[in-house]
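K.L.:
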Amino acid sequence: MQPPAALADPQALADPQALADALADTSYLADEGLATVAWLAHALQRPLLLEGEPGTGKTALAEAVASLLDVPLIRLQCYEGIEASQALYDWDFPRQILHLRAVEALGREQGGAAELEAELFDERFLQARPVLRALREAPCVLLVDEVDRADDEFEAFLLEVLSTWSVSIPELGTVRAAVAPYVVLTSNRTRELHDALKRRCLYHWIEHPGLKRELAIVRARLPEVDQALAAEIVGLVQRLRSDEDLVKPPGVAETLDWARALHALGTSRLDPEVAAATLGAAVKDRDDTERVRVALDRMLTR
Amino acid sequence: MTAAPSPAPVDGWDVGQTLAGFARACRAAGLPVTADRERTFLSACAATGLGERRAVYWAGRATLTASPADVEPYDRVFAGWFGGRPMHGVARQDTPRTSTVQASLEELPEGEGDAGPGELLRAAASAEEVLRHRDVAGLSPADRAALRRQFATLTPRPPTRPARRHTPSRTGAVDGRATVRAHLRNLGEPERIRYRRRAVRPRRVVLLVDVSGSMSAYADALLRLAHVMVQAAPRTTEVFTVGTRLTHVTRALRERDPDRALLAAGEVVPDWSGGTRLGQAVGVFLRRWGRRGMARGAVVVVLSDGWERQDPEQLGEQVRRLRSLAHRVVWVNPHRGKAGYLPVQAGIVACLPHVDDFVAGHSLAAFEEMLAVVDQHAAGSPPRG
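Chains as they are written, first to last, in our numbering: chain A, 47 to 348; chain P, 126 to 510.
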């Protein structure tokens with residue numbers, strides 16, 4: 047079998063550093079490890095499996111890559127019980143019936159049952175779902191989100207598609223990607239993934255960013271927010287993550303939300319009252335809220 | 126697929142050899158390095174450029190590791206193989222790792238073979254029957270060996286939950302779509318009516334097995350029980366051991382042979398027969414696994430005597446959180462089966478309000494009952510103990 051060709055090689059994909067720079071232009075700040083892995087996924091045409099705490103930017107990477115390559119982002123959200131037909135294609139049953147009725151009403155003479163049936167399984171009744179669309183529309187970025195939520199059988203199916211880049215539809219024939227799509231799988235580790243799937247992919251565990259990087263992210267994403275305020279928020283979130291035993295530590299997305307909320311209120315300094323009032327932007331658990339309130343008093347009123 | 130270009134030798138040393146050797150060293154350190162992973166690693170190195178130490182580091186990390194727990198041993202091997210300090214100081218403290226483990230299974234002497242006096246002339250059937258009800262903790266080595274074989278007779282049926290999908294069935298609701306499709310296939314001629322009902326899928330079962338000192342007499346039997354349950358539903362059963370820390374042992378228990386599986390589990394568990402920090406361990410489970418979905422809608426079985434060295438309040442709080450995620454929380458306590466047992470220890474008292482079922486777990490017969498409790502998927506649980 048012919049392996050599909052690689053994505054067109056724009057400047058941004060010359061080497062990991064170039065990719066990191068290009069990602070930074072889309073306001074996604076990748077560290078060296080992530081940039082290297084993301085670049086390798088392109089160079090080796092392997093899917094990229096990203097794991098990490100919620101809010102560390104797994105999904106955002108796929109979006110950033112799609113935007114910098116200027117290709118469509120096709121997203122497949124996995125859930126418990128997802129089936130191949132939800133990922134690949136389905137036949138548009140109502141329209142098939144409508145077609146039958148139309149044929150009937152016209153009282154068409156020529157053509158037998160076989161011909162009619164062939165008509166029913168025509169391209170125009172085919173509803174392409176994300177994976178099939180990705181194979182057809184490549185070059186593109188295919189994001190398989192939260193693959194750990196899907197079942198084992200679905201994983202096996204994905205593995206097959208990801209290693210052959212092709213899918214066969216009994217009524218229509220085989221669809222093969224002309225160019226390997228850039229595939230990003232994300233997982234929250236609710237379940238151990240199949241080893242076979244992991245072997246097929248490049249693996250990267252994303253950590254919460256350090257103080258400097260997170261501050262840089264806030265600055266890049268929200269340039270309108272006051273610099274001193276951004277530094278205060280990031281410092282506080284970093285300490286909440288490391289010191290307080292929170293049920294759900296805030297991710298980068300929460301940091302950004304909080305900064306946005308404070309900015310909207312016209313705040314330029316983080317004091318306990320404002321912080322407590324806007325806490326809901328960053329902390330989404332009642333028990334945590336209590337803890338953080340106490341911690342806020344401790345941290346902000348020294 | 127992408128071919129693995131073999132890197133050319135540079136300045137007298139063969140790069141390919143060095144890299145392949147590194148991959149093998151990683152395998153020796155317990156990382157999941159298979160031949161195809163090794164190949165991918167070589168192509169990744171060839172792609173990123175070979176001269177760069179950092180590039181090789183990241184290429185290796187992307188291709189040779191498969192979980193956050195792999196990073197620390199990877200860093201160690203990398204530093205050892207290529208010299209210098211590890212690239213990345215991220216030894217994740219909360220990930221138990223297993224280079225040297227003391228986990229001895231001396232609890233279970235190899236009593237098979239030479240028949241000890243205790244094993245002489247016992248009518249096999251009745252002896253088995255007696256054994257079924259004997260407390261596991263008080264068994265002689267020979268009885269233990271006999272009991273071990275009897276574990277094979279346990280037949281767990283995984284609990285189920287309704288699936289999102291429907292399945293064709295003889296009874297149930299009329300499946301309009303399938304019926305019309307069948308009619309269509311006959312070009313509109315009426316055909317028999319199709320029915321469908323809600324399919325069922327296995328519900329996840331999570332076992333938290335206490336292997337601390339106070340449970341040491343039961344730990345072996347409980348892990349065997351866990352092994353039987355993992356074998357019955359390998360993809361929907363997860364097992365953790367709890368002591369001073371939390372260890373994920375499902376992978377070890379997927380090994381089919383029970384003795385080998387237990388040995389493998391013993392190698393992973395670093396805190397065999399240590400203290401208990403039950404509340405903290407449950408908290409770690411919730412944070413790292415449970416809340417992300419492993420406990421959601423699952424039947425969570427805690428196998429412990431509830432001896433808590435630390436704050437019982439905290440334990441109660443964690444079990445409450447667990448209860449709010451899980452479908453049901455079953456607490457299995459070996460002491461429950463003993464005459465005169467009252468749940469009075471602070472740890473147990475704090476947990477009981479948040480537990481759906483409180484059952485015994487000291488003998489094979491009790492295990493059978495416990496399996497029945499876990500299996501039952503009908504709503505409404507038996508009265509709390």
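Think of the CB as a built atom: it goes at the ideal place given N, C-alpha and C, for glycine as much as any other residue. Note that the coordinates shown come from a computational prediction; the quantities given were computed from them, not determined experimentally.
(1) Could you pull the start and end residues of the beta strand (DSSP E) that I215/A belongs to?
(2) Going by C-alpha distance, which of L167/P, V394/P and E314/P is nearest A377/P?
(3) Quick check on the burial criterion: 16 or more other C-beta atoms within 10 angstroms. Buried or exposed for T82/A?
(4) For the beta strand (DSSP E) containing P287/P, name the first residue and the last one.
(5) Per DSSP, what kind of secondary structure is T304/P in: helix, strand or coil?
(6) D67/A touches chain P at which residues, Cβ-Cβ below 7 Å?
(7) Once you ignore the five residues that flank D396/P on each side, which residues in its own chain have a CB closer than 6 Å to its CB?
(8) With 7 Å as the threshold, decide whether the Cβ of M495/P is near any Cβ in chain A.
(9) Is the shortest distance between the beta-carbon of L387/P and the beta-carbons of chain A less than 7 Å?
(10) Sort L312/P, A307/P and A303/P by Cα distance to R512/P and report the nearest one.
(11) Looking at the C-beta of W183/P, does it have a partner C-beta in chain A at a distance below 7 Å?
(12) Looking only at its chain, what residues have a beta carbon closer than 8 Å to the beta carbon of Q57/A, apart from the 5 residues adjacent to it on each side?
(13) So the candidates are G146/P, D139/P, V499/P and W456/P; which of them puts its Cα closest to the Cα of R329/P?
(14) Can you give the beta carbon distance from Q123/A to E192/A, rounded, assuming they're within the 8 Å contact cut?
(15) Bridge partners for Q123/A per DSSP, in chain order?
(16) Can you have a look at L189/A and say buried or exposed, based on whether 16 or more other CB atoms are within 10 angstroms of its CB?
(17) Given that a residue counts as buried once 16 or more other Cβ atoms are within 10 Å of its Cβ, and exposed if not, what is D334/A?
(18) Suppose the cutoff is 7 Å on Cβ atoms and the five residues either side in sequence are ignored; what does the same chain contact list for P157/P look like?
(19) Assign T401/P to buried or exposed, taking buried as 16 or more other Cβ atoms, counted over all protein chains shown, within 10 Å of its Cβ.
(20) So what's T375/P in DSSP terms, helix, strand or just coil?
(21) Using only the alpha-carbon positions, how far apart do R306/P and Q356/P sit?
(22) Distance cutoff 7 Å, beta carbons only. Does W211/A sit that close to anything in chain P?
(23) Residues in its own chain within less than 7 Å of G214/P by CB, not counting five upstream and five downstream?
(24) Given the structure, does V83/A come close to the ligand GDP, in the sense that its CB is under 6 Å from one of the ligand's heavy atoms?
(25) Which residues of the stretch 239-252 of chain A have a Cβ closer than 7 Å to any Cβ of chain P? Give them in chain order.
(26) What do you get for I252/A, buried or exposed, if any count of 16 or more other CB atoms within 10 angstroms of its CB means buried?
(27) Closest by CA to T236/A, which one among V427/P, L189/P and L411/P?
(28) Note down the Cα distance separating A288/P from L208/A, rounded to an integer number of angstroms.
(29) Measuring only the C-alpha atoms, how far is G341/A from P295/A?
(30) Hey, out of L146/A, E129/A and D198/A, whose CA is closest to A358/P's CA?
(31) Can you confirm whether S99/P, when its beta carbon is compared against all beta carbons of chain A, has any partner nearer than 7 Å?
(32) One question on the structure: do S488/P and D345/P come within less than 7 Å of each other, judged by their Cβ atoms?
(33) Candidates R337/A, V338/A and Y228/A: which alpha carbon is nearest S113/A's?
(34) Give the interface partners of P62/A over in chain P, defined as CB-CB distance under 9 Å, in chain order.
(35) Counting only beta-carbon atoms, is T12/A nearer than 7 Å to chain P?
(36) Identify, in the order they occur along the chain, each residue of the same chain with its Cβ nearer than 6 Å to the Cβ of A66/A, setting aside the five sequence neighbours on each side.
P.N.:
The relevant details are as follows:
(1) The sequence position of residue 215/A within the first sequence is 169, counting from 1. Where I215/A is concerned, the enclosing beta strand (DSSP E) stretches over S212 to I215.
(2) Counted from its first residue, the second sequence places residue 377/P at position 252. Ranking L167/P, V394/P and E314/P by Cα distance to A377/P puts V394/P first.
(3) The count along the first sequence starts at 1 and reaches residue 82/A at position 36. Buried, by the Cβ-count rule.
(4) On the second sequence, residue 287/P is found 162 positions in, with the first residue counted as 1. Taken as a continuous stretch (DSSP letters only), the beta strand (DSSP E) holding P287/P covers T285 to S294.
(5) Taking the first residue of the second sequence as 1, we reach residue 304/P at position 179. The answer is helix: DSSP assigns T304/P an H, G or I state.
(6) Residue 67/A sits at position 21 when you count from the first residue of the first sequence. Under the 7 Å cutoff, chain P gives no residues; its nearest Cβ is about 16 Å from D67/A.
(7) Here residue 396/P refers to the residue found at position 271 when the second sequence is read from its first residue. Within the same chain, G368, T369 and R370 come within 6 Å of D396/P by CB-CB distance, once the 5 residues on both sides are set aside.
(8) Here residue 495/P is taken as the residue at index 370 of the second sequence, counted from 1. Not one beta carbon of chain A lies nearer than 7 Å to the beta carbon of M495/P.
(9) Here the question's residue 387/P lines up with position 262 in the second sequence. For L387/P, the answer is no, since every Cβ of chain A falls outside 7 Å of its Cβ.
(10) Only positions 126 to 510 of chain P appear in the structure, and residue 512/P is not among them; the question remains open.
(11) Walking along the second sequence from the start, residue 183/P turns up at place 58. Closer than 7 Å to some Cβ of chain A, the Cβ of W183/P qualifies, so yes.
(12) The residue labelled residue 57/A in the question sits at position 11 within the first sequence. Cβ within range, chain order: A64 and A68.
(13) In the second sequence, the residue the question calls residue 329/P occupies position 204. R329/P has its Cα closest to that of V499/P, out of G146/P, D139/P, V499/P and W456/P.
(14) Walking along the first sequence from the start, residue 123/A turns up at place 77. Walking along the first sequence from the start, residue 192/A turns up at place 146. Their Cβ separation, rounded to whole angstroms, is 7 Å, which keeps Q123/A and E192/A in contact under 8 Å.
(15) For this step, residue 123/A is matched to residue 77 along the first sequence. Partner(s): D191/A.
(16) What you label residue 189/A is simply residue 143 of the first sequence in a count that begins at 1. It counts as buried.
(17) Translated into positions along the first sequence, residue 334/A becomes position 288. So D334/A counts as buried.
(18) The residue given as residue 157/P occupies position 32 in the second sequence. Cβ neighbours of P157/P within its own chain (closer than 7 Å, five residues either side excluded): A191.
(19) The sequence position of residue 401/P within the second sequence is 276, counting from 1. Classification of T401/P: buried, given that the 10 Å Cβ count is 16 or more.
(20) The count along the second sequence starts at 1 and reaches residue 375/P at position 250. It is helical.
(21) Locating residue 306/P in the second sequence gives position 181, counting from the first residue. Locating residue 356/P in the second sequence gives position 231, counting from the first residue. R306/P and Q356/P: Cα-Cα distance of roughly 40 Å.
(22) As a first step, residue 211/A is located in the first sequence; it is residue number 165 there, counting from the start. No, W211/A does not count as interfacial toward chain P.
(23) Here residue 214/P refers to the residue found at position 89 when the second sequence is read from its first residue. Here G214/P scores only 41 on pLDDT, less than 50, and its place in the model should not be relied on; the value that follows carries that caveat. Leaving aside the five residues that flank G214/P on each side, none in its chain has a CB nearer than 7 Å to its CB.
(24) Among the ligands in the structure shown, none appear at all, so the ligand GDP cannot be discussed.
(25) D241, K244, R245, L248, Y249, H250 and W251
(26) Within the first sequence, residue 252/A is the residue found at index 206, counting from 1. Buried: at least 16 other Cβ atoms inside 10 Å.
(27) For the purposes of this step, residue 236/A is identified with residue 190 of the first sequence, where counting begins at 1. The residue with the shortest Cα to Cα distance from T236/A is L411/P.
(28) As a first step, residue 288/P is located in the second sequence; it is residue number 163 there, counting from the start. As a first step, residue 208/A is located in the first sequence; it is residue number 162 there, counting from the start. For A288/P and L208/A, the distance between alpha carbons rounds to 26 Å.
(29) Along the first sequence, read from residue 1 onward, the residue named residue 341/A stands at position 295. Along the first sequence, read from residue 1 onward, the residue named residue 295/A stands at position 249. Sequence inspection shows Ala at residue 341/A; the Gly mentioned does not correspond to that position. Their backbone Cα atoms lie some 14 Å apart in a straight line.
(30) In the second sequence, residue 358/P corresponds to position 233, counting from 1. Answer by Cα proximity: D198/A.
(31) This structure cannot settle anything about residue 99/P, because the visible part of chain P is limited to 126 through 510.
(32) Position 363 of the second sequence, counted from the start, is the residue given in the question as residue 488/P. Position 220 of the second sequence, counted from the start, is the residue given in the question as residue 345/P. Not in contact: S488/P and D345/P (Cβ atoms no closer than 7 Å).
(33) In the first sequence, the residue the question calls residue 113/A occupies position 67. Cα-wise, what sits closest to S113/A is Y228/A.
(34) Taking the first residue of the first sequence as 1, we reach residue 62/A at position 16. Correct list: T173, A180 and W183.
(35) Residue numbering for chain A in the displayed model covers 47 to 348; residue 12/A lies beyond these limits and cannot be assessed.
(36) Start at 1 with the first residue of the first sequence, and residue 66/A comes out as number 20. Excluding residues within five positions, the ones whose Cβ falls inside 6 Å are A76 and A81.
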